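89 is the number of the first residue of the sequence shown in the working numbering; add one for each residue after it.
Take a look at the structure below.
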Amino acid sequence: MFPSPLTLFEGFSALEATVAVLVVSVAGALAMEFVVLRVARRYVSHTDTGYDDIVLSSLRAPLVVTAALAGVYVPTQVPSVRTSVLVEPRLLDAVFGRPSLSVIVLVWAYAANGVVNRLVAAVNAEGGRFDFAPVFSNVWTLAVLVGSAGTLLWLWGIEITPLLGAAGVAGIAVGFAAKDTVANFFGGIALYFDDTYKIGDYIVLDDGTAGTVIKVGVRSTTLLTRDEVLVTVPNAALNASKVTNESAPRRRRRVRVPIGVAYGTDVDAFEALAMDVVGAEPLVLDSPKPRARLRSFGDSSLQYEILCWVNGPTRRRRAQHELNRALYVALGDAGIEIPYPKRDVTVSGAVGPAAAARDGAPDPEQEPNTDADPSADADSSADAAT
């Protein structure tokens, strides 16, 4: 067993022990700032990675504060000092000892949370398969908060065992009451470990929802659609649905442009013209090379499909628009017909009442006039004969 550091001050008076501790603490803080950290900073400046710079910059403040506050805490534990001051040792601990330790705990908790979050952000910025979802930062922050709170309660002599029991019962109750939130939380962790997507990826859900991932939280994932609308999807729903990541494993995506040309068209000339049009479009990548494929013989046309690649899934629609316009103009200038369905309509049937009246023909639907006087008809006939 190693001897206690407090035995070093045996035989010292209260004033001598206090001065010695203060001198040692100040010297330690200065040595930590100007010797240890400077040497470490010089060493990490020659490394290729920036992670050690993040760790060193995050730990600088807690190391210096710990060395400085040791000069406040240690004298409160030296027997000669505790017996020589006018106040009681309990009050001495409450005023100087425990507050200094509390500050040290808070500083280290803040540094531990900051260094992990900064490392996660740096790894995310580099991309690749080692992406850390922001949910990890949220979990780490929660763990640091709970741990630092428990340590502070223990330092101040507050019994935490009943609190732990009550927390267990409350956790069970909250778990049943907030089962959806718990499901979303673990769904987010599952999505992270499955490496389903990362921030900046363009994903499509099985219900047709599509957008760019801009935020991954503990409860949900936020997508930005092409209409610039934010859609919040629960992590549990994402974990249970089919997710198509169109940005993985590469961001480039293939564009398919169907087109039909008339039978009798020179297919070699058409394919050469189509490749010239596709090659002139700036959105289309040079590699893989574009190509034209004759897919089938349609009812009135040769069914072709133009295949090319663009740099990103969000550029496919624009590329299809530009290629359709350019192909339409180019085929029209080259005299290549794009066939379309044509119909000949023949109208036939009986002559209607309106047409019969116009031509002077009797209306077949009109009933004869049975109320007319027969003698009048006879007189009219006689007059006509004379």
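For glycine and all other residues, C-beta sits at the position ideal for the given N, C-alpha and C.
These figures come from a predicted structure and were not determined experimentally.
Put residue i into one of helix, strand or coil per three-state DSSP.
i, result
"residue 260", "helix"
"residue 335", "coil"
"residue 219", "Annotation note: pLDDT 45 at residue 219 (below 50); position unreliable, coordinate value reported separately. The answer is coil: DSSP assigns residue 219 none of H, G, I, E or B."
"residue 429", "coil"
"residue 276", "helix"
"residue 378", "coil"
"residue 227", "helix"
"residue 373", "coil"
"residue 290", "strand"
"residue 329", "coil"
"residue 208", "helix"
"residue 190", "helix"
"residue 436", "coil"
"residue 174", "A caution first: residue 174 carries a pLDDT of 43, below 50, which makes its placement in the model too unreliable to give a value."
Go to residue i, then tell me how far its beta strand (DSSP E) extends in each direction, as first and last residue.
i, result
"residue 392", "390 to 398"
"residue 298", "298 to 304"
"residue 342", "341 to 349"
"residue 319", "318 to 322"
"residue 308", "308 to 312"
Assuming residue i and residue j form a contact by the criterion Cβ under 8 Å, report the distance between their Cβ atoms to the nearest whole angstrom.
i, j, result
"residue 396", "residue 343", "5 Å"
"residue 227", "residue 291", "Not a contact, Cβ separation roughly 22 Å."
"residue 189", "residue 243", "6 Å"
"residue 401", "residue 341", "5 Å"
"residue 149", "residue 199", "6 Å"
"residue 272", "residue 323", "4 Å"
"residue 197", "residue 232", "5 Å"
"residue 234", "residue 195", "Not confirmed; about 17 Å, so no contact."
"residue 345", "residue 411", "5 Å"
"residue 275", "residue 327", "4 Å"
"residue 147", "residue 203", "7 Å"
"residue 248", "residue 256", "Going by Cβ atoms, the distance from residue 248 to residue 256 rounds to 12 Å, so no, they are not a contact pair."
"residue 329", "residue 293", "6 Å"
"residue 298", "residue 313", "7 Å"
"residue 339", "residue 399", "6 Å"
"residue 311", "residue 321", "6 Å"
If you follow the alpha helix (DSSP H) that residue i is in, where does it begin and where does it stop?
i, result
"residue 354", "Counting along the chain, residue 354 falls outside any alpha helix (DSSP H), and DSSP gives it neither H nor E."
"residue 368", "That residue, residue 368, is in no alpha helix (DSSP H); it is neither H nor E in DSSP."
"residue 420", "404 to 422"
Counting only runs that start and end within the region 116 to 159, where is the alpha helix (DSSP H) found for 4 or more residues in a row? As far as the region 116 to 159 is concerned, its whole alpha helix (DSSP H) runs of at least 4 residues are 125 to 132.
Per the contact definition of three or more C-beta pairs closer than 8 Å, is the region 367 to 377 in contact with the region 419 to 426? With a cut-off of 8 Å, the region 367 to 377 and the region 419 to 426 do not count as touching, because too few Cβ pairs lie within range.
Would you call the region 346 to 362 in contact with the region 383 to 390, where contact means no fewer than 3 C-beta pairs closer than 8 Å? The region 346 to 362 makes contact with the region 383 to 390: 3 or more CB pairs, one atom from each, lie closer than 8 Å.
Determine contact between the region 422 to 429 and the region 370 to 385, defined as no fewer than three beta-carbon pairs at a distance below 8 Å. Touching, no, given that fewer than three Cβ pairs across the two stretches are closer than 8 Å.
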